[in-house]
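2 protein chains.
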Amino acid sequence: MAARPHLAEREEEARAVGGMSVADGSRAAILDAAAACFMAKGYAASSIDDVARSLGSTKGRIYHHYPSKGDLFADVFRAGMEMNYAAIEPVRDIAGPAAALWRRMATVHTRQMIVTRPYQRVVWEGVELYLRGATTPEQREEFARLMQYRNDYGAIFRQVIVAAREAGDMRFDDPRVTEQLMFVSLNSPLFWYTPRPGESEHDVEVIVAQVVDFTARGLGIGA
Amino acid sequence: MAARPHLAEREEEARAVGGMSVADGSRAAILDAAAACFMAKGYAASSIDDVARSLGSTKGRIYHHYPSKGDLFADVFRAGMEMNYAAIEPVRDIAGPAAALWRRMATVHTRQMIVTRPYQRVVWEGVELYLRGATTPEQREEFARLMQYRNDYGAIFRQVIVAAREAGDMRFDDPRVTEQLMFVSLNSPLFWYTPRPGESEHDVEVIVAQVVDFTARGLGIGA
DNA sequence: TTGACAACATACCGAGTAGTATGTTGAACT
DNA sequence: AGTTCAACATACTACTCGGTATGTTGTCAA
């Protein structure tokens, strides 16, 4: 698998921890707070002071690490997409038919939508902001890279379902339209799932299974 | 079919035209502009001045008809939902199995998402705003009524798919989860469809058919 | 003809917000 | 002990936006 050079690593801000490069601790806390805030109120309605308040800090801390609100948002976007790549990477190499590969990837992806929901909602809103052109020219460049990053992720799934169709295991028409339908279905917990108190991991898996089953049938698996 | 008393008609603002009660002309223009603006930039990022500018007017005109930005938004929400009810009403009375009824309703609904897209995106965002609690206490009452209005609409579809399942024509687990998946799929053109120049009605119907087919398979039709 | 009123436009205010400029502090380095 | 600097906090500014108060105009009834 080719390396993904779409986003330059920020070496000076990352350090090796447990074999995985994670962001600086303080920045990670800012990212979490920003993701939660953007999810709760949306980008436009979230103020930098809101994010800082939820951290028990002030604006100074955030503007020390990020040059603007848009850059902070873009970094949450990037972090969310990196989580997605990291999640599906381990299940991409298992041998077997494309349909089975798709089911593994789809299950991991859907679970990811639930587990890292704040980040994934930012990813969703980021796509909408880009498509609406609600960005400054400079930020548009970075957003374009993030969109490319996200489109590559989508292309991975598209290749798998096209392969499954060629193998006779799926049936659908336009791959572009079908990719949209597939992702909207798999991502849908972003909009209607809310964590219940005392919810077990098994409960989540039941939901994930229903989402994946619905989408699999939609793709014409075993039809 | 029982009357829907959820929203009080505003008799003084509606007049009979062609057998259908439509809003006042000036208000309708404001609604159209507001829907387009809210779709293009989102609720929070849209200013009343934006809406007025797109009308070639000023704020005064809008505040003469609506007491607040939230009320304008709510009225777009209401208008969008009324369009949906009006669209599916004619196809609800045709006799036949529930699965066939569902397909007619789903087709009309999906086409509606494309044709009245600005209003339907406001409906979508309105649901999110309500769920996030991003409303003032007074507006929360009106939003709650609109949500009830929308949930009733969803219940119509849910009853149909449950009936189809009892008839052995559909297969799915939790009706609540399935209703969410169904609507996310049917509504998905809101997010990825963009009208092409020179696009015919037939092109739209091809897309609608793919969306409905995907969703029908997801519901386990004919499986 | 003239009041009255609907349908706006104009002018203005206060609150909130992105971004900046500057102060503070603890720790590392020499 | 003194210097430096990252990592913040504080104070401030310019600007936008929701909402209001008020002015203007065309129309229509009496």
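These protein sequences, in sequence, are chains R and E.
Quick note: the first sequence uses my numbering, first residue 3, plus one each step.
Quick note: the second sequence uses my numbering, first residue 3, plus one each step.
The beta-carbon is built from N, C-alpha and C at its ideal position, and this holds for glycine as well.
Rounded separation between residue i and residue j - CA only
| i | j | result |
| --- | --- | --- |
| R105 of chain E | A165 of chain E | 13 Å |
| Q114 of chain R | A89 of chain R | 7 Å |
| M184 of chain R | S48 of chain R | 30 Å |
| A46 of chain E | D77 of chain E | 16 Å |
| V53 of chain E | A81 of chain E | 17 Å |
| Y68 of chain R | L74 of chain R | 6 Å |
| H204 of chain E | A102 of chain E | 21 Å |
| S59 of chain E | R29 of chain E | 13 Å |
| V117 of chain E | S202 of chain E | 12 Å |
| V93 of chain R | R94 of chain E | 45 Å |
| G224 of chain R | Q161 of chain R | 18 Å |
| E91 of chain E | E91 of chain R | 48 Å |
| V206 of chain E | E130 of chain E | 27 Å |
Residue i vs residue j beta-carbon contact at 8 Å
| i | j | result |
| --- | --- | --- |
| G220 of chain R | R178 of chain E | no |
| G222 of chain E | F174 of chain E | yes |
| Y195 of chain E | M83 of chain E | no |
| Q212 of chain R | D176 of chain E | yes |
| M85 of chain R | F159 of chain R | no |
Cβ neighbours of residue i in the same chain (closer than 8 Å, five flanking residues each side left out)
| i | result |
| --- | --- |
| T138 of chain R | G72 |
| S228 of chain R | Because residue 228 of chain R is not part of the residues shown, which for chain R are 3 to 225, the question remains open. |
| A146 of chain R | Y132 |
| L192 of chain E | M115, R119, Q122, R123 and W126 |
| A31 of chain E | L57 |
| K43 of chain R | D52 |
| G200 of chain E | none |
| P99 of chain E | A166, A169 and D171 |
| I163 of chain R | A100, W104, M172, F174, P177, T180, E181, M184 and L221 |
Burial state of residue i (16 or more Cβ within 10 Å)
| i | result |
| --- | --- |
| I96 of chain E | exposed |
| N153 of chain E | exposed |
| H66 of chain R | exposed |
| R198 of chain E | exposed |
| S187 of chain R | buried |
| H111 of chain E | buried |
| A169 of chain E | exposed |
| G27 of chain R | exposed |
| Q182 of chain E | buried |
| S190 of chain E | buried |
| A157 of chain R | exposed |
Same chain, Cβ closer than 7 Å to residue i, five either side skipped, listed in chain order
| i | result |
| --- | --- |
| I50 of chain E | K61, I64 and K71 |
| D215 of chain E | none |
| T109 of chain R | V210 and V214 |
| F79 of chain E | V124, V125, G128 and L148 |
| V208 of chain E | none |
| E14 of chain E | Annotation note: pLDDT 36 at E14 of chain E (below 50); position unreliable, coordinate value reported separately. Closer than 7 Å at the Cβ level, and outside the excluded window around E14 of chain E, lies no residue. |
| T217 of chain E | A108, M184, S187 and L188 |
| L33 of chain R | A25, D77, V78 and A81 |
Close Cβ partners of residue i (< 6 Å) along its chain, the five nearest in sequence each way excluded
| i | result |
| --- | --- |
| E144 of chain E | A76 |
| T180 of chain E | F174 |
| M41 of chain R | P120 and R123 |
Residue i: CB within 7 Å of a non-hydrogen atom of the ligand FAD
| i | result |
| --- | --- |
| I116 of chain E | The ligand content of the structure shown is nil, which means the ligand FAD is not present either. |
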